[in-house]
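First up is the structure itself, then whatever we jot down about it.
Protein chains: 2
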Amino acid sequence: MLKLYHGPAAANGLKCLAALKEKNLEFESVFIDFDKFEQHEPWYLKVNPEGQVPALDHEGEIFTDSSVINEYLEDAFPDALPLRPRDAVGAARMRYWNKYIDEHVMESVSAHGWNTRIHQFASSFSEEDFEKYIARIPLKRQRVKWRKAREGFPTEQLNEAREKVETSVNRVEAQLQVTDWLVGNRFTLADINYYATAGFALARLFQGMISTEKTPRLMDWIERVAARPAIQAAMAVAPISAPPKG
Amino acid sequence: MLKLYHGPAAANGLKCLAALKEKNLEFESVFIDFDKFEQHEPWYLKVNPEGQVPALDHEGEIFTDSSVINEYLEDAFPDALPLRPRDAVGAARMRYWNKYIDEHVMESVSAHGWNTRIHQFASSFSEEDFEKYIARIPLKRQRVKWRKAREGFPTEQLNEAREKVETSVNRVEAQLQVTDWLVGNRFTLADINYYATAGFALARLFQGMISTEKTPRLMDWIERVAARPAIQAAMAVAPISAPPKG
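Line order of the protein sequences matches chains A and B.
At position 108 of the first sequence the residue is numbered 107 (numbering that gives the first Met the number 0), and the sequence of numbers has no breaks.
At position 75 of the second sequence the residue is numbered 74 (numbering that gives the first Met the number 0), and the sequence of numbers has no breaks.
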């Protein structure tokens, strides 16, 4: 039995929801309510001591980190629809994209996301209540991030982040001039990763960065990903129409 | 035919050299002389447009990023000694460590390494010559890093980096109280990664951080890794006894 602990269907949570739906694997969804800081509740820290979502429970074994979880699903369910190329070269190309997205795109998109949505949420608490919640967060880097969200991220960091995201947009646009998907002509975990990390939020968070004139291939790719039934099913598990606040 | 482009047997270069030697794969070694900024020479940018080493050439296909290369070797040479657990759970545990080391340890060790060895090297050029070399570097983040190496890294960054490295030391020590190697009782790519990224340089770069009193398991693990014939063979490909300068 598979059980996924996740927040709203965005970013890392969407990555795993999308992979599970694309592979058509049955799973129990456990929604973690960021509005209630449930990811830092003692009961959840027993699942993931880092207080991060998503986390996957597969027959009692716990896996964390969305990219690790998604490769695990490939290894553990070899008979389900593959989202990782079966050839060594293709798998390497996919992992190169995943590493690039995880290491050089994810935090940059996140800084802008947190600086808008989560800023409002984090500012809504009294200093005392806020510090009480912060004190429960296991990872120091997450405590730092929450404080920045409350105070507002430094302009320099936001500018650098925007530049990094724009670099990724140009790289993806260039790749899509050569191949239908990020890795050759098959939809893979790399497409899921870029869509969940950046693609679905680019138009909202980075106005003017993408358009049918500047980035036609990327615009088309975003539409193609968004139209996939599995992606729509993943989004429907925990709709973000009510803005995620935590 | 395998060909590895690499600098001195340290950090990312050592990661791939060690994997190739452990798997007993024949390869041609192409030494990239950092002292001559060869990694930014036009001929090398044709191999890796990012101007980063190592890079692997396997029958004309080029692979970059040491963690991606090492998993590629697992996929491409299934009959060689495996360095990735064959079971899905073990592979996930290994990838979790690799992501943690790549994302939260590597740059922190590197900041201290660059701030000492590479600082001397980068300071030895006239402003004009230095800028001439910097202008050739494709990745902006590497240009920023070279400038910091010349000027000296900010104290705050070095302090934060030291703290992150110490966190990793404590996590590894805790793991080694439970298992012989980072992932269960088999030597894997995670051991290679932590040794090449941090282990072999901890005593030199972070005085007082490790000792037989404070971190007995880690000290023993460092000795066990260093004693492996394949690791010694990897180090011998491009000895770092003459300090790498670039």
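Quick reminder that beta carbons are idealized off the backbone N, C-alpha and C, glycines included.
Determine the DSSP secondary structure at residue i, reduced to helix, strand or coil.
{"i": "A:Pro242", "result": "With a pLDDT of 48 at A:Pro242, under the threshold of 50, the modelled position of that residue is not reliable, and no figure is offered here."}
{"i": "A:Ser167", "result": "helix"}
{"i": "A:Val29", "result": "strand"}
{"i": "B:Ala10", "result": "helix"}
{"i": "A:Ala54", "result": "strand"}
{"i": "A:Phe199", "result": "helix"}
{"i": "B:Thr154", "result": "helix"}
{"i": "A:Glu21", "result": "helix"}
{"i": "B:Glu246", "result": "In the structure displayed, chain B extends from 0 to 245; residue 246 of chain B sits before or after that span and is not available."}
{"i": "A:Leu1", "result": "strand"}
{"i": "B:Ala134", "result": "helix"}
{"i": "B:Pro228", "result": "helix"}
{"i": "B:Ser125", "result": "coil"}
{"i": "A:Gly89", "result": "helix"}
{"i": "B:Trp180", "result": "coil"}
{"i": "A:Ala237", "result": "coil"}
{"i": "A:Glu47", "result": "The identity of residue 47 of chain A in the sequence shown is Asn, whereas the question assumes Glu. Looking at A:Asn47 - three-state DSSP - the assignment turns out to be coil, as it is neither helix nor strand."}
{"i": "A:Pro84", "result": "coil"}
{"i": "B:Ile117", "result": "helix"}
{"i": "A:Gly112", "result": "helix"}
{"i": "A:Ala79", "result": "coil"}
{"i": "B:Gln206", "result": "coil"}
{"i": "B:Arg140", "result": "helix"}
{"i": "B:Glu159", "result": "helix"}
{"i": "B:Pro35", "result": "The displayed chain sequence assigns Lys, not Pro, to residue 35 of chain B. Of the three classes helix, strand and coil, the one that applies to B:Lys35 here is helix, per DSSP."}
{"i": "B:Lys147", "result": "helix"}
{"i": "A:Glu172", "result": "helix"}
Identify which residue in the options has its Cα closest to the Cα of residue i.
{"i": "A:Arg203", "options": "A:Asn169, A:Asn114 and A:Glu40", "result": "A:Asn114"}
{"i": "A:His111", "options": "A:Arg161, A:Leu1, A:Phe199 and A:Arg185", "result": "A:Arg161"}
{"i": "A:Leu157", "options": "A:Glu127, A:Glu130, A:Gln38 and A:Val104", "result": "A:Val104"}
{"i": "A:Arg140", "options": "B:Tyr132, B:Glu159, B:Arg146 and B:Thr196", "result": "B:Glu159"}
{"i": "B:Ile169", "options": "B:Ala197, B:Thr154 and B:Phe152", "result": "It should be pointed out that residue 169 of chain B corresponds to Asn in this sequence rather than to Ile. Out of B:Ala197, B:Thr154 and B:Phe152, B:Ala197 has the C-alpha closest to the C-alpha of B:Asn169."}
{"i": "B:Met31", "options": "B:Leu3, B:Glu49 and B:Ala134", "result": "What sits at residue 31 of chain B in the sequence shown is Ile, not Met. Measuring from the Cα of B:Ile31, the nearest candidate turns out to be B:Leu3."}
{"i": "A:Asp86", "options": "A:Arg185, A:Ser125 and A:Gln51", "result": "A:Arg185"}
{"i": "B:Phe26", "options": "B:Trp220, B:His5 and B:Ala173", "result": "B:His5"}
{"i": "A:Asp34", "options": "A:Asp219, A:Leu138, A:Ala235 and A:Gln119", "result": "A:Gln119"}
{"i": "B:Tyr95", "options": "A:Glu165, A:Phe199, A:Ser28 and A:Val67", "result": "A:Val67"}
{"i": "B:Leu138", "options": "B:Gln51, B:Phe129 and B:Met234", "result": "B:Gln51"}
{"i": "B:Glu126", "options": "B:Ser109, B:Arg149, B:Val143 and B:Arg142", "result": "B:Arg149"}
{"i": "B:Arg223", "options": "B:Ala237, B:Phe199, B:Met208 and B:Ala173", "result": "B:Phe199"}
{"i": "A:Val171", "options": "A:Thr214, A:Ala91 and A:Val29", "result": "A:Thr214"}
{"i": "A:Ala173", "options": "A:Trp220, A:Asp128 and A:Asp74", "result": "A:Trp220"}
Quick one: residues in its chain with C-beta nearer than 6 Å to the C-beta of residue i, no 5 flanking neighbours on either side, listed in chain order?
{"i": "A:Pro242", "result": "Because A:Pro242 carries a pLDDT of 48, less than 50, the predicted location of this residue cannot be relied on, and no value is offered for it."}
{"i": "A:Asp179", "result": "none"}
{"i": "B:Phe152", "result": "Ala110 and Asn114"}
{"i": "B:His57", "result": "Leu1"}
{"i": "B:Lys20", "result": "Ala229, Ala232 and Ala233"}
{"i": "A:Arg142", "result": "Ile133 and Ile136"}
{"i": "A:Thr302", "result": "The displayed coordinates of chain A run from 0 to 245. Any statement about residue 302 of chain A would go beyond what the structure contains."}
Enumerate in chain order the residues of its own chain whose CB-to-CB distance from residue i is below 8 Å, with the five nearest sequence positions on each side excluded.
{"i": "B:Leu24", "result": "Leu1, Leu72, Phe76 and Ala79"}
{"i": "B:Gln176", "result": "Arg216"}
{"i": "B:Ile61", "result": "Val46, Asn47, Ala54 and Leu55"}
{"i": "B:Lys163", "result": "His103, Val104 and Ser107"}
{"i": "B:Ile100", "result": "Ser167, Ala189, Asn192, Tyr193, Thr196 and Ala197"}
{"i": "B:Glu37", "result": "Ile31 and Tyr43"}
{"i": "B:Val29", "result": "Lys2, Leu3, Tyr4 and His5"}
{"i": "A:Ile239", "result": "Pro7, Ala8 and Ala9"}
In its own chain, which residues sit with a C-beta less than 7 Å from the C-beta of residue i, not counting the 5 before and 5 after it?
{"i": "A:Leu188", "result": "Ala18, Asn69, Leu82, Arg83, Met93 and Asn97"}
{"i": "A:Lys89", "result": "The sequence as given places Gly at residue 89 of chain A; Lys does not occur at that position. Val182 and Gly183."}
{"i": "A:Ser65", "result": "Asn11, Lys14, Cys15 and Pro53"}
{"i": "B:Lys22", "result": "Leu72, Phe76, Ala79, Leu80 and Leu82"}
{"i": "B:Trp145", "result": "Ala121, Ile133 and Ile136"}
{"i": "A:Thr211", "result": "Met218"}
{"i": "A:Asp165", "result": "Correcting the residue type first, residue 165 of chain A is Glu in the shown sequence and not Asp. Here the set comprises Met208."}
List, in order along the chain, the chain C residues whose C-beta lies closer than 8 Å to that of residue i?
{"i": "A:Lys98", "result": "Going by chain labels, chain C is absent from the structure shown, which instead holds the protein chains A and B."}
**Study point:** Contacting positions in the stretch 128-160 of chain B - beta carbon closer than 9 Å to chain A
**Key:** Answer in chain order: Lys139 and Arg140.
Exercise for review: Below 7 Å between beta carbons is the criterion; list the residues of the stretch 181-209 of chain A that meet it against any residue of chain B, in chain order.
Suggested key: Residues of the stretch 181-209 of chain A whose Cβ lies closer than 7 Å to any Cβ of chain B: none.
Check your understanding: If you measure beta-carbon to beta-carbon, which residues of the stretch 71-92 of chain A are closer than 7 Å to chain B?
Key -> Against chain B - using a Cβ distance shorter than 7 Å - the residues of the stretch 71-92 of chain A are Tyr71, Asp74, Ala75, Ala87, Val88, Ala90 and Ala91.
**Study point:** Any 3 or more C-beta pairs closer than 8 Å across the stretch 28-41 of chain B and the stretch 220-230 of chain A
**Key:** Three or more Cβ pairs closer than 8 Å define a contact, and the stretch 28-41 of chain B falls short of that threshold against the stretch 220-230 of chain A.
Check your understanding: Closer than 8 Å, Cβ to any Cβ of chain B: which residues of the stretch 32-49 of chain A, in chain order?
Key -> None of the residues of the stretch 32-49 of chain A has a beta carbon lying less than 8 Å from any beta carbon of chain B.
Check your understanding: Of the residues that make up the stretch 49-65 of chain A, which ones have a beta carbon closer than 8 Å to any beta carbon in chain B?
Key -> Listed in chain order, the positions of the stretch 49-65 of chain A with a beta carbon within less than 8 Å of a beta carbon of chain B are Glu60, Phe62, Thr63 and Asp64.
Review point. Closer than 8 Å, Cβ to any Cβ of chain B: which residues of the stretch 0-33 of chain A, in chain order?
Key: Those would be none; no residue qualifies.
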